[in-house]
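*Asks:*
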Amino acid sequence: MKKIYLDNGATSFPKPKCVGEAVLNYINNLGTSINRGAYETAYSVADTVFETRELICELFNFDQPENVVFTKNITESLNLLIKGLLKEGDHVVVSSMEHNAVMRPLNSLNVKVSKTECNKYGDLDIEDFKSKLKKNTRAVIMTHASNVCGTILNLEEVGRICQEKNIFFIVDTAQTAGFLDIDYKKLKADAIAFTGHKSLLGPQGIGGFIINDRLVEIIPSLIDGGTGSLSEEERQPCYMPDKYEAGTPNIPGIFGLNASIKYLKNTGLENIRQKEYELLKLFLDEIKEINGIAVVGKDTPQGRTGAVSLDFFNHDNGEIAYKLGNDYGIMTRSGMHCAPGAHKTLGTFPRGTVRFSFSHFNTKDEIYYAMESIKKIMEE
1 MKKIYLDNGA
11 TSFPKPKCVG
21 EAVLNYINNL
31 GTSINRGAYE
41 TAYSVADTVF
51 ETRELICELF
61 NFDQPENVVF
71 TKNITESLNL
81 LIKGLLKEGD
91 HVVVSSMEHN
101 AVMRPLNSLN
111 VKVSKTECNK
121 YGDLDIEDFK
131 SKLKKNTRAV
141 IMTHASNVCG
151 TILNLEEVGR
161 ICQEKNIFFI
171 VDTAQTAGFL
181 DIDYKKLKAD
191 AIAFTGHKSL
201 LGPQGIGGFI
211 INDRLVEIIP
221 SLIDGGTGSL
231 SEEERQPCYM
241 PDKYEAGTPN
251 IPGIFGLNAS
261 IKYLKNTGLE
271 NIRQKEYELL
281 KLFLDEIKEI
291 NGIAVVGKDT
301 PQGRTGAVSL
311 DFFNHDNGEI
321 AYKLGNDYGI
331 MTRSGMHCAP
341 GAHKTLGTFP
351 RGTVRFSFSH
361 FNTKDEIYYA
371 MESIKKIMEE
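To convert, note that position 25 of the sequence shown is 25 in full-length UniProt numbering; the numbers rise steadily by one, no gaps.
Printed below as a string of C-alpha cells:
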C-alpha cells in the first residue's frame, strides 16, 4: 500500500535531509552543552546556537538576536508570554479561530476574554475587533492563520490598532512561520511565537519566540536555574536570552532548526509557496467535482495556507479519515484539531472535519491518488 503524508498542519514530514544530518552530527561528533565548557567544541556549538538566533531574526525581520528565545514548542512559548504578562482583572482580545495553546492558558487565569468574530470563511472582522477593545484591554493575542481551514488573518491592521492604543500584541505563527514572509516590523507585534517542527521543517521539541524589550521588562522568567552565566548569583539573570532559558537547551533540536532554516533560505519561501499553491489549487478543483463533500472555509487558494478541511455529508468524518489511512495509506487528521472555537465559527462543531495539509514535498500524483481514494470511499 502507498503511504502518502497529508498531515503537515500537525507536523511536517518528510524533513529535508540536511535536518537529520545536522542533528546526527551534533549527537555523534559534538555533544557538548553551551555556556559551560571552556574548550573549543563548546565554543563552536555556542556559535551555531547564536547563528540560529540570527537566522530566526532574518526570517522575521527582527533586529535583536539576544531576544530570540528557545523553548520546547510554541505551546510553551505562548504559556510563558500569556501567564507572564496577564494578571487578575486584565482584559484580553482574541479571534474566534484560536488554538487551545492560546485559549487554555487564558482560561486558567482569572482574566476577561473577548472573542473577535470571524466569518464562515475564517476572515477576521476588523470592525468587530475594534468594538471588543476596552479601556482595560491589556493584550491582543491572535493566530496568524487557522490550523483548521488555513485562512490567513489580517494581522497587520490589528497590530497598527494595538500600537495606536498601546495594547500588547502577541502573534501565534504555528501555521505560517516558514510558509509566509513574516515581517515583525509590519506586524507591529510585541512578541511572535513560533514552532520549529511544522513549516519551518525542523525537528519536534524545538520552538521559541521573539520579544521586544518592552515585554522583557514585564514578563518574569517561567523557569529559573542554571544558565552558565552569573553562576555566583542565586537569582536568575535578568539579561537576554538567559532570563528565559534556564537549564540545558535542546541543542540537537537547535542544530536541526539551523539546518532547516538554511534549507528554506536556499529553496526560497516564494518557491515553496508556489508549489504548495499549485497542489492546493489542484486539490480544490478536483474535490469540487465530488458530490457530498464541502470545503470548509475558503474554496480558493488565495488568502490561505496549505491546510484544507473537508466536511463529508452523511458520513462520519472520523470514519472517513480512518478509511483513508487504513485502506489507502493516506494520512490526514480528523476531529476538532485542538481548536473548538474555530469549528464553532466555521459551523463544524461538534462533528469536526477531515483536514488535508500539504507540503512542497507532496506531488500532483499524490493529490490524484487522494481524489481517487475519496471517490472510492464515497461509493461504498
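Where a beta carbon is used, it is the ideal one built from N, C-alpha and C, also for glycine.
Assess, as a yes-or-no matter, whether the stretch 335-343 is touched by the stretch 93-109 under the definition of 3 or more beta carbon pairs within less than 8 Å.
*Replies:* At 8 Å Cβ cutoff, the stretches touch.
*Asks:* Please classify residue 120 as buried or exposed, where buried requires at least 16 other C-beta atoms within 10 Å of its C-beta.
*Replies:* Counting from one through the sequence shown, the residue named residue 120 turns up at place 120. Exposed: under 16 other Cβ atoms inside 10 Å.
*Asks:* If you reduce the DSSP assignment to three classes, tell me which class residue 378 lands in.
*Replies:* Indexing the sequence shown from 1 puts residue 378 at position 378. Helix at residue 378.
*Asks:* Specify the secondary structure class of residue 384 as computed by DSSP and reduced to three states.
*Replies:* Only positions 1 to 380 of the chain appear in this structure, which leaves residue 384 out of reach.
*Asks:* Can you tell me where the alpha helix (DSSP H) holding residue 148 begins and where it ends?
*Replies:* Working through the sequence shown from its first residue, we reach residue 148 at position 148. Element bounds for residue 148: n/a, residue is neither H nor E.
*Asks:* What does a CB cutoff of less than 7 Å around residue 155 pick up in its chain, not counting 5 residues either side in sequence?
*Replies:* Locating residue 155 in the sequence shown gives position 155, where the first residue counts as 1. Hits under 7 Å: 142, 144, 171, 187.
*Asks:* At what residues does the beta strand (DSSP E) containing residue 310 begin and finish?
*Replies:* Residue 310 sits at position 310 when you count from the first residue of the sequence shown. Taken as a continuous stretch (DSSP letters only), the beta strand (DSSP E) holding residue 310 covers 307-312.
*Asks:* Quick one: is residue 70 buried, meaning 16 or more other Cβ sit within 10 Å of its Cβ, or exposed?
*Replies:* Against the sequence shown, residue 70 aligns to sequence position 70. Flag for residue 70 reads buried.
*Asks:* Rounded to the nearest angstrom, how far is the Cβ of residue 355 from that of residue 9, given a contact under 8 Å?
*Replies:* Residue numbering aside, residue 355 sits at position 355 when the sequence shown is read from its first letter. Residue numbering aside, residue 9 sits at position 9 when the sequence shown is read from its first letter. Right, their Cβ atoms sit about 6 Å apart.
*Asks:* When you compare each of 379, 235, 15, 292 to residue 314 by their alpha carbons, which one comes out closest?
*Replies:* In the sequence shown, residue 314 corresponds to position 314, counting from 1. For the residues 379, 235, 15, 292, the minimum Cα distance to residue 314 belongs to 292.
*Asks:* For the pair the stretch 13-28 and the stretch 240-256, tell me if three or more CB-CB distances fall below 8 Å.
*Replies:* The answer is yes - the stretch 240-256 touches the stretch 13-28, with three or more Cβ pairs under 8 Å.
*Asks:* Quick one: what does DSSP say residue 129 is sitting in, helix, strand or coil?
*Replies:* For this step, residue 129 is matched to residue 129 along the sequence shown. Three-state result, residue 129: helix.
*Asks:* What is the rounded straight-line gap between the Cα of residue 247 and the Cα of residue 353?
*Replies:* As a working mapping, residue 247 is identified with position 247 in the sequence shown. As a working mapping, residue 353 is identified with position 353 in the sequence shown. Spanning the two alpha carbons is a distance of roughly 40 Å.
*Asks:* Would you kindly work out how many angstroms separate the C-alpha atoms of residue 180 and residue 110, rounded to a whole number?
*Replies:* Here residue 180 corresponds to residue number 180 of the sequence shown, with the count starting at 1. Here residue 110 corresponds to residue number 110 of the sequence shown, with the count starting at 1. Distance between the alpha carbons of residue 180 and residue 110 is about 34 Å.
*Asks:* When the distance is taken between beta carbons, is residue 151 closer than 8 Å to residue 174?
*Replies:* Here residue 174 is taken as the residue at index 174 of the sequence shown, counted from 1. Here residue 151 is taken as the residue at index 151 of the sequence shown, counted from 1. It is not a contact, given that the beta carbons lie outside the stated cut-off.
*Asks:* Round the Cβ separation of residue 223 and residue 84 to the nearest angstrom and send it over; I've been treating them as touching at under 8 Å.
*Replies:* Reading the sequence shown from its first residue, position 223 is the one you call residue 223. Reading the sequence shown from its first residue, position 84 is the one you call residue 84. No, residue 223 and residue 84 are not in contact; Cβ-Cβ is about 11 Å, not under 8 Å.
*Asks:* Which same chain residues end up closer than 8 Å to residue 176 when comparing Cβ atoms and leaving out the 5 residues on each side of it in sequence?
*Replies:* What you label residue 176 is simply residue 176 of the sequence shown in a count that begins at 1. Excluding residues within five positions, the ones whose Cβ falls inside 8 Å are 144, 145, 152, 182, 199, 305.
*Asks:* May I have a chain-ordered list of the beta strand (DSSP E) segments no shorter than 3 residues that lie completely inside the stretch 291-355?
*Replies:* Segments of the beta strand (DSSP E) lying fully in the stretch 291-355: 293-296, 307-312, 333-335.
*Asks:* Express the C-alpha separation of residue 94 and residue 88 in angstroms, rounding to a whole number.
*Replies:* Numbered from 1 along the sequence shown, position 88 holds the residue referred to as residue 88. Numbered from 1 along the sequence shown, position 94 holds the residue referred to as residue 94. Going by the C-alpha atoms only, they are around 17 Å apart.
*Asks:* For residue 112, write down the residues that DSSP places opposite it in a beta bridge.
*Replies:* Here residue 112 corresponds to residue number 112 of the sequence shown, with the count starting at 1. Note: residue 112 sits in a beta bridge opposite 91.
*Asks:* By the 10 Å Cβ neighbour count, where 16 or more other Cβ atoms means buried, how is residue 235 classified, buried or exposed?
*Replies:* For the purposes of this step, residue 235 is identified with residue 235 of the sequence shown, where counting begins at 1. Exposed, because fewer than 16 other Cβ atoms sit within 10 Å of the Cβ of residue 235.
*Asks:* I'd like the span of the beta strand (DSSP E) that includes residue 172, first residue to last.
*Replies:* Taking the sequence shown and counting its residues from 1, the one referred to as residue 172 is at position 172. It spans 168-172 - the beta strand (DSSP E) in which residue 172 sits, taken as one unbroken run.
*Asks:* Whole angstroms is fine: what's the gap from residue 140's alpha carbon to residue 168's?
*Replies:* The residue labelled residue 140 in the question sits at position 140 within the sequence shown. The residue labelled residue 168 in the question sits at position 168 within the sequence shown. Between residue 140 and residue 168, the C-alpha separation is close to 6 Å.
*Asks:* What does DSSP give as the partner residue(s) for residue 5 in the beta ladder?
*Replies:* Position 5 of the sequence shown, counted from the first residue, corresponds to residue 5. Answer is 331, bridged to residue 5.
*Asks:* What did DSSP end up calling residue 251 once you bin it into helix, strand or coil?
*Replies:* Here the question's residue 251 lines up with position 251 in the sequence shown. Looking at residue 251 - three-state DSSP - the assignment turns out to be helix.
*Asks:* Using 8 Å as the cut-off, can you tell me whether the stretch 319-331 makes contact with the stretch 271-284, which would need three or more C-beta pairs spanning the two stretches below that distance?
*Replies:* The answer is no - the stretch 271-284 does not touch the stretch 319-331, with fewer than three Cβ pairs under 8 Å.
*Asks:* Going by other Cβ atoms of all chains shown within 10 Å of its Cβ, with 16 needed for buried, is residue 238 buried or exposed?
*Replies:* The residue labelled residue 238 in the question sits at position 238 within the sequence shown. Flag for residue 238 reads exposed.
*Asks:* Near residue 269, what residues of its chain come up, given a Cβ to Cβ distance below 8 Å and the 5 sequence neighbours on each side ignored?
*Replies:* For the purposes of this step, residue 269 is taken as residue 269 along the sequence shown, with counting starting at 1. Excluding positions up to five away in sequence, the list reads 178, 179, 180, 181.
*Asks:* With hydrogens ignored, establish whether the beta-carbon of residue 350 is closer than 7 Å to any heavy atom of the ligand COA.
*Replies:* In the structure on display, the ligand COA does not appear, and there are no ligands present to speak of.
*Asks:* Check residue 199 in the structure and name its three-state DSSP category.
*Replies:* For the purposes of this step, residue 199 is taken as the residue at position 199 of the sequence shown. If DSSP states are grouped into helix, strand and coil, residue 199 belongs with coil.
*Asks:* Could you give the C-beta distance for residue 190 and residue 212, rounded to a whole number, given that I count them as a contact under 8 Å?
*Replies:* Walking along the sequence shown from the start, residue 190 turns up at place 190. Walking along the sequence shown from the start, residue 212 turns up at place 212. Sure, about 5 Å apart at Cβ, within 8 Å.
*Asks:* Any idea what DSSP makes of residue 118, helix, strand or coil?
*Replies:* Position 118 of the sequence shown, counted from the first residue, corresponds to residue 118. Strand, per DSSP.
*Asks:* Tell me the DSSP secondary structure of residue 86 in three-state form.
*Replies:* Numbered from its first residue, the sequence shown carries residue 86 at position 86. The answer is coil: DSSP assigns residue 86 none of H, G, I, E or B.
*Asks:* Just tell me which of 206, 250, 149 has its CA closest to the CA of residue 27.
*Replies:* Locating residue 27 in the sequence shown gives position 27, counting from the first residue. Nearest C-alpha to residue 27: 250.
*Asks:* Are residue 23 and residue 34 close, meaning C-beta to C-beta below 8 Å?
*Replies:* Translated into the one-based positions of the sequence shown, residue 23 becomes position 23. Translated into the one-based positions of the sequence shown, residue 34 becomes position 34. No; because the gap between Cβ atoms is not below 8 Å, this pair is not in contact.
*Asks:* Please classify residue 245 as buried or exposed, where buried requires at least 16 other C-beta atoms within 10 Å of its C-beta.
*Replies:* Taking the sequence shown and counting its residues from 1, one reaches residue 245 at position 245. Its Cβ being crowded by 16 or more others within 10 Å, residue 245 is buried.
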